[in-house]
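Working notes for the structure below.
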Amino acid sequence: KLESKKEELDEIKEKFDEKIEIINKVRAIELKIQNQIEDLERDEVQEFQIYTDDELDAMDKDTLQGEIDILKEKTENANPNLNILKEYNIYEKEYKLRQKDLKRLHLSVMNLKEMYQRIVFGGNAELECDNFDPFYDGVIFSVKPPKKSWRKISDLSGGEKFFGSSICSAPTPIYVMDEIDAALDFRNVSIVANYIKERIRDAQFIVISLHDNMSELADHLVGVFKTDDQSKSVTFNPRKFQELTLSKILGKDPLNKKLCV
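If you use the UniProt record's numbering, the sequence shown closes out at 261, no skipped numbers anywhere.
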């Protein structure tokens, strides 16, 4: 499971690198356009000058024609590169898309931190690159349990690994968990049980557990036992069982008969 999560994180990192590359290209084009605008401003044509009749009579027509020819040649050789505007529009659209992706990625990382803190009642979680070479790097998932130092998830205990990996799991309509609480103490089992209880609004959970504080929050219980060398099972609703048990207890108490009506 951790390997699959690492692959997902590597894929996210690869997309992140692509977004950074697009952003750098857009910024380079913006800089190029800005430089061209500054060049045009430096070469801005002077204000149109009005000559008097005497000044016009004193001018040489051949000289004026020569100046006109020179200006025409400069104008023809100074054709604007319209392709760069088209290229800029393409990269600008791509840049905006990448910006949205970056915001979603940032939101996912913040949700990861928040979810981990909710599960372990404190602590912190972080995603970071294990290598700054874009062709060889991957993603490291590090967590900081309460009152402990930062550690990679691969260095954690079984129970701590569960806390870390559970918050990275992609949403799915049904989960099957086989003794995920085996390495947890009583307190952490209760935390996991309540966490699962919160998520049953959007999914179904099948949990195999030997802890009472896990099973007591279940909507339905399936008990498996062995008699006469055969495996048998019994299913019941713990809520209804509790109600019937309470009613039976209250019904036996003469002082509380009115409460049973």
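Note that the Cβ used here is the ideal one computed from N, Cα and C, for glycine as well.
Residue i, DSSP secondary structure in three states
i: residue 178; result: strand
i: residue 121; result: coil
i: residue 13; result: helix
i: residue 149; result: coil
i: residue 265; result: Residue 265 cannot be examined here, being either before or after the span of the chain that is shown, 1 to 261.
i: residue 206; result: strand
i: residue 7; result: helix
i: residue 73; result: helix
i: residue 52; result: coil
i: residue 28; result: helix
i: residue 217; result: coil
i: residue 138; result: coil
Residue i classed as buried or exposed, judged by whether at least 16 other C-beta atoms fall within 10 angstroms
i: residue 239; result: exposed
i: residue 259; result: Bear in mind that a pLDDT of 38 at residue 259, under 50, signals an unreliable position, so the number given afterwards is only what the model happens to contain. It counts as exposed.
i: residue 27; result: exposed
i: residue 272; result: Outside the shown range of the chain (1 to 261) lies residue 272, about which nothing can therefore be said.
i: residue 218; result: buried
i: residue 122; result: exposed
i: residue 184; result: buried
i: residue 57; result: exposed
i: residue 241; result: exposed
i: residue 181; result: buried
i: residue 176; result: exposed
i: residue 145; result: buried
i: residue 153; result: buried
i: residue 246; result: exposed
i: residue 234; result: exposed
Below-9 Å beta-carbon distance, residue i vs any chain D residue
i: residue 149; result: In the structure shown, chain D cannot be found, because there is only a single protein chain.
Integer-rounded CB distance, given that residue j should sit under 8 Å from residue i
i: residue 214; j: residue 224; result: Contact flag wrong, Cβ pair sits at about 15 Å.
i: residue 32; j: residue 84; result: 7 Å
i: residue 138; j: residue 226; result: 46 Å between Cβ atoms; not a contact.
i: residue 128; j: residue 22; result: 22 Å between Cβ atoms; not a contact.
i: residue 91; j: residue 37; result: Going by Cβ atoms, the distance from residue 91 to residue 37 rounds to 17 Å, so no, they are not a contact pair.
i: residue 130; j: residue 140; result: 5 Å
i: residue 174; j: residue 203; result: 6 Å
i: residue 210; j: residue 179; result: 7 Å
i: residue 125; j: residue 112; result: 5 Å
- Is the segment 191 to 202 close to the segment 113 to 126, with three or more CB pairs under 8 Å? Yes, they touch.
- Sufficient close CB pairs (3 or more, under 8 Å) joining the segment 96 to 113 to the segment 16 to 23: These segments touch.
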